[in-house]
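Colleague:
Protein chains: 2
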Amino acid sequence: MVQYPMLSLEIMRSWVERHQSEWLEDYYAFLRFASISSEPESKPALLNCVEWLTDYVGRLDFQVETWQSKGHPILFASHKRAGPDQPTLLIYNHYDVQPVDPIEGWRSPPFEPVLRDGEIYARGAQDNKGQCFYVLQALKMWKECVGSLPINVKLCIEGEEEMGSPNLATLLAAKKEALQADYVAIVDLGLRQAAIPALTLGIRGIITLDVGLKGSETDLHSGSHGGIVVNPIHALVKLLAGLHDEKGKITIPDFYQEVEEVPLDKSLSLEFDCEEYRRRTGAVPEGGEREYSPLERAWLRPTLEINGISGGYSGAGFKTVIPAQAWAKISCRLVPHQQPERIAELVATYLKQQAPLGMTVSVEVHPGKGKAVRVNADARAVRSFGKAFQEVFDTPCECILEGASIPIVAELAEASGGETILLGLGLSTDHIHAPNEHFGLDRLKNGMLVIARALELLKN
Amino acid sequence: MVQYPMLSLEIMRSWVERHQSEWLEDYYAFLRFASISSEPESKPALLNCVEWLTDYVGRLDFQVETWQSKGHPILFASHKRAGPDQPTLLIYNHYDVQPVDPIEGWRSPPFEPVLRDGEIYARGAQDNKGQCFYVLQALKMWKECVGSLPINVKLCIEGEEEMGSPNLATLLAAKKEALQADYVAIVDLGLRQAAIPALTLGIRGIITLDVGLKGSETDLHSGSHGGIVVNPIHALVKLLAGLHDEKGKITIPDFYQEVEEVPLDKSLSLEFDCEEYRRRTGAVPEGGEREYSPLERAWLRPTLEINGISGGYSGAGFKTVIPAQAWAKISCRLVPHQQPERIAELVATYLKQQAPLGMTVSVEVHPGKGKAVRVNADARAVRSFGKAFQEVFDTPCECILEGASIPIVAELAEASGGETILLGLGLSTDHIHAPNEHFGLDRLKNGMLVIARALELLKN
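These protein sequence lines are chains A and B, in that order. Per our numbering, the first sequence starts with residue 1, numbered consecutively. Per our numbering, the second sequence starts with residue 1001, numbered consecutively.
What follows is the structure, encoded as structure tokens:
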């Protein structure tokens, strides 16, 4: 006998179109909170944002809790009316966003969302408020069209993902019971092309650290002292330049020890158009380890990137100074089997060992570490989401990996006991973490449909 | 017949002590102007400062002119009453100061002078308001004790020295007549020890430039793009690290072409106590070219120093960004025979030639260039100042060189047609260009005496 869906794609599409002005207003309200987790002055915005979410999710018939921690609160919500015969899906999102600098790069203010050519521009428009928002609309659609959800759903929307989730990680043991789920969907990923659906089968891990070199007690005049002392900026550029060899390999001993040489899985979509990449970003895809292809480098290989460097004078004009200190911010992306703590220790030890003559080296490893994650492509839930994607896009769903990291995923999956699913509708052109972040109206709508459809496909 | 001085050291010392509270008040007023030449918002402070000076110098019976330019005005003043039989001494000082950052390093606000343990703390306390101020007091002393000056004196007090004197340089040809002098005293130098008088027989030249590397159109996420693109910070540290070889030599072709291998002059004071230097600055004197001694490196060898570096995120916490661009500020100190324009061209060309893969390199050479200067130790005026120093300090005057630069000196000396004298009472511990700049009350007083006494010794 043919099983007709409880909520057909036609009804879903109709609901999305009919309610557009309403949900767009709600989406903009969500985007207006300047919820930058790393900036202490944004605390009120973060609290207002979580309060807004608590109210919003509560109206979807969820039981909502706010988990307090040393950091920004975590919204946890559950809707168990589908009963014990149905599976439980835990969906993870975050309401915090990245800082906005360089602010002068924005065409419109980052917390005043605006629609231009089918794209909504705002900090967080995609990462992750946009992706969180289509999840909420999928739930709302079920409530309004059917009155209930086909399976049990739990939501975990945290406020410190952009800082590496330091406090959610420490709460996981205490909240293990609440977090129990059959599947954990991390809705913070992306597609390679807007028209081709994709499921992500893995993400990289991460560690971040600051390194500082101190050469003198105070800044020195570069005329009187130039040639006499070691300039901390010279020492820093030499130290950093030595972290990669001429083949682009990281020179830190044992850095690659746990890295397995695995060729790209044949089921993965491997196409990479260098010219298209160049047109899109303005950058040539010729970084990293020379012996690997661009996608191997981004998906299967670890990296060490300098994310910030500073020292001396960098204002207008000139200042003839030899600064007392110089600094850099370094992150490493990790692949399966690399342990974040061990890699952080290797990098920190190496930097200290290489201390250039006359320099005091200090290293501070940041909390937010995370392991790489791999998804089981054959798991039932993964196939259900793949089918939902295929139906909504009317195109076969491709399998990809992602070079970025969501530090909490490995630990969250472990605490919940569920199978991990990584998905999302981001594009690498969305300018996340950069000025003019944006998200497409078409993808926002498709996201609502995919999540709503997957809920039914996951039903027993 | 014994020639008694018109103004004895005893009378001078008595005048200095008697009027201390009065001149200290004037000195503090001079220091309170936040006359930072490189910061556009400081323009009013610069104008107020020059107005204050105009009034002050006018009351010393000088004819005062304010030379307007595209930049900050130049005070020019002359006092010709000694008549055509007496020589003319042109004294150069500057009323502009360096920026104050890092502001958090200051123990007291930089433009609120304060006396602690015999030292006056303020931006400009030494460089160059302090040194300008004791010149003015020497002139005031002659006016008040004798009623006139023993020789003809001209003053040139400019407002853009810390920017490399871009506008005074262009005015020199037009003002050649006014600037004519027999001797040009640049009162912006220092001593090696507070108790030992010194004349400076040479300073280094300078060029400064900014270099920028651009790798993409916008900042990129270091997760999705890390390993794919060339990170502009990586490219920059590699480029900069390559500018010196393992012996500390600058690698830019032909950089040393005009540099003569001259051993240090035997008349120079060559002592350099590495341990004392280390205690004083907290830095080890092991930078620059390994094959030369510290003083040879600071006095006789050119340098290339990175005075500032920036790129990516450098705030609190972390941002996983691959920045679109990264920058550095570079200065070179030059020795005799090196032409600033040629060296700037060599460095700029080399940086562009070395453009790392995927990077667009931009170089901007700043105006304020200057040649190295050497003083004729046997010139009559140099000997007169040496004698004045010896009498005031009751200690033989030593001869030194200085690694710092005063870009305008070579051109000013040429325009005036006079013999150059380089002097001053600064110490390398004065923290000029750094937080907590200070100048000793003892040196301020000795400066008044040395200048006042030299005026008489220069008399025919």
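Built from N, CA and C at the ideal position, the CB exists for glycine as well.
Classify B/H1337: buried if its beta carbon has 16 or more other beta carbons within 10 angstroms, exposed otherwise.
Modeller: Exposed.
Colleague: I'd like to know whether the C-beta atoms of B/I1400 and B/R1107 end up nearer to each other than 7 Å.
Modeller: No; because the gap between Cβ atoms is not below 7 Å, this pair is not in contact.
Colleague: Please tell me whether B/N1307 has its Cβ less than 7 Å away from any Cβ of chain A.
Modeller: It does; some Cβ of chain A falls within 7 Å.
Colleague: Going by Cα to Cα distance, which pick from A/R374, A/E456, A/A452, A/G440 is closest to A/E419?
Modeller: Minimum Cα distance to A/E419 is reached at A/R374.
Colleague: My output table needs one value for A/T208: the three-state DSSP class, helix, strand or coil.
Modeller: Of the three classes helix, strand and coil, the one that applies to A/T208 here is strand, per DSSP.
Colleague: Using CA coordinates, which residue listed in A/A452, A/K459, A/L457 is at the minimum distance from A/W142?
Modeller: Closest by alpha carbon: A/A452.
Colleague: Closest Cβ-Cβ distance between A/I186 and chain B: below 7 Å?
Modeller: Chain B contact via Cβ: absent.
Colleague: Report the residue from A/P109, A/G312, A/Y95, A/A45 whose alpha carbon sits nearest the alpha carbon of A/G124.
Modeller: Comparing Cα-Cα distances from A/G124 to each of A/P109, A/G312, A/Y95, A/A45, the minimum goes to A/Y95.
Colleague: Of all the CB atoms in chain A, is at least one closer than 7 Å to the CB of B/P1356?
Modeller: With 7 Å as the cut-off, B/P1356 does not count as an interface residue toward chain A.
Colleague: So, are the CB atoms of B/M1448 and B/A1241 less than 7 Å apart?
Modeller: No.
Colleague: Would the beta-carbon of A/K266 fall within 7 Å of that of A/T360?
Modeller: No, the pair does not count as a contact, with Cβ atoms beyond the cut-off.
Colleague: Using a Cβ-Cβ distance cut-off of 7 Å, determine whether B/K1238 contacts chain A.
Modeller: Answer yes: the Cβ-Cβ gap between B/K1238 and chain A drops below 7 Å somewhere.
Colleague: Strictly under 7 Å for the Cβ-Cβ distance: is A/T303 near chain B by that measure?
Modeller: At least one chain B Cβ lies under 7 Å of A/T303.
Colleague: Can you tell which of B/L1300, B/R1279, B/P1232 has the C-alpha that lies nearest to the C-alpha of B/R1261?
Modeller: The sequence shown places Glu at residue 1261 of chain B, rather than the Arg named in the question. Minimum Cα distance to B/E1261 is reached at B/L1300.
Colleague: According to a CB-to-CB cut-off of less than 7 Å, which residues of the stretch 286-302 of chain A neighbour chain B?
Modeller: Within the stretch 286-302 of chain A, the qualifying residues are E286, G287, G288, P294, R297, A298, R301.
Colleague: Go to A/Q137, then tell me how far its beta strand (DSSP E) extends in each direction, as first and last residue.
Modeller: Not the beta strand (DSSP E): A/Q137 falls in the alpha helix (DSSP H), residues 129-145.
Colleague: Identify every run of the beta strand (DSSP E) within the stretch 1333-1393 of chain B, keeping only runs that are complete inside it and at least 3 residues long; order them along the chain.
Modeller: Qualifying beta strand (DSSP E) stretches, in chain order: 1360-1365.
Colleague: Quick check on DSSP: helix, strand or coil for A/I432?
Modeller: It is coil, neither helix nor strand.
Colleague: Thinking C-beta only, is A/N446 closer than 7 Å to A/V392?
Modeller: Going by C-beta atoms, A/V392 is nearer than 7 Å to A/N446.
Colleague: Using beta carbons (cut-off 7 Å, strictly below), is B/H1221 in contact with chain D?
Modeller: Of the chains in the structure shown, none is chain D; the protein chains are A and B.
Colleague: Where are the alpha helix (DSSP H) runs, 4 residues long or more, that stay fully inside the stretch 12-80 of chain A, in chain order?
Modeller: 20-32, 43-58, all fully within the stretch 12-80 of chain A.
Colleague: Using a Cβ cut-off of 8 Å, pull out every chain A residue sitting near B/A1169, in sequence order please.
Modeller: The premise fails here: B/A1169 is roughly 16 Å from chain A at the closest Cβ pair, so nothing lies under 8 Å.
Colleague: In the structure shown, what three-state DSSP assignment does B/L1172 receive?
Modeller: Residue state, collapsed to three classes: coil.
Colleague: Pick out whichever of A/P5, A/K369, A/K238 has its Cα sitting closest to the Cα of A/V146.
Modeller: Looking at the Cα atoms, A/P5 is the closest of the given residues.
Colleague: Counting contacts by CB-CB distance shorter than 7 Å, is A/E177 in contact with chain B?
Modeller: Cβ-Cβ to chain B under 7 Å: no for A/E177.
Colleague: If you measure between the beta carbons of A/R297 and A/G288, is that distance less than 7 Å?
Modeller: In this structure, A/G288 lies closer than 7 Å to A/R297 by Cβ.
Colleague: With a threshold of 7 Å between beta-carbons, can A/E246 be considered close to chain B, or not?
Modeller: No, no contact with chain B.
Colleague: Would you say A/R32 reaches chain B, if we count a Cβ-Cβ gap shorter than 7 Å as a contact?
Modeller: It does not: the Cβ of A/R32 has no partner Cβ on chain B nearer than 7 Å.
Colleague: In chain B, which residues lie less than 8 Å from A/K369 when you measure between Cβ atoms?
Modeller: Result: empty, since nearest Cβ-Cβ is about 11 Å, beyond 8 Å.
Colleague: B/H1225 by DSSP, collapsed to three states: which one?
Modeller: Correct three-state label for B/H1225: coil.
Colleague: How about A/A404 and B/G1312: do their beta carbons lie closer than 7 Å?
Modeller: Contact flag unset, no.
Colleague: Does the stretch 1149-1166 of chain B come within contact of the stretch 1081-1093 of chain B, defined as at least 3 CB pairs closer than 8 Å?
Modeller: At 8 Å Cβ cutoff, the stretches touch.
Colleague: Residues of the stretch 1385-1416 of chain B with a CB closer than 8 Å to any CB of chain A: list them in chain order, please.
Modeller: Residues passing the 8 Å Cβ filter: E1402, G1403, A1404, S1405.
Colleague: From this set, A/I196, A/S416, A/A372, A/A235, which residue's C-alpha is nearest A/Q390's C-alpha?
Modeller: It is A/I196 whose Cα lies nearest to the Cα of A/Q390.
Colleague: With distance defined between alpha-carbon atoms, name the residue in A/E414, A/Q131, A/A454 nearest to A/H438.
Modeller: That would be A/Q131, whose Cα lies nearest to the Cα of A/H438.
Colleague: Comparing C-alpha positions only, which one of A/I207, A/V57, A/A173 sits nearest to A/Q339?
Modeller: Out of A/I207, A/V57, A/A173, A/I207 has the C-alpha closest to the C-alpha of A/Q339.
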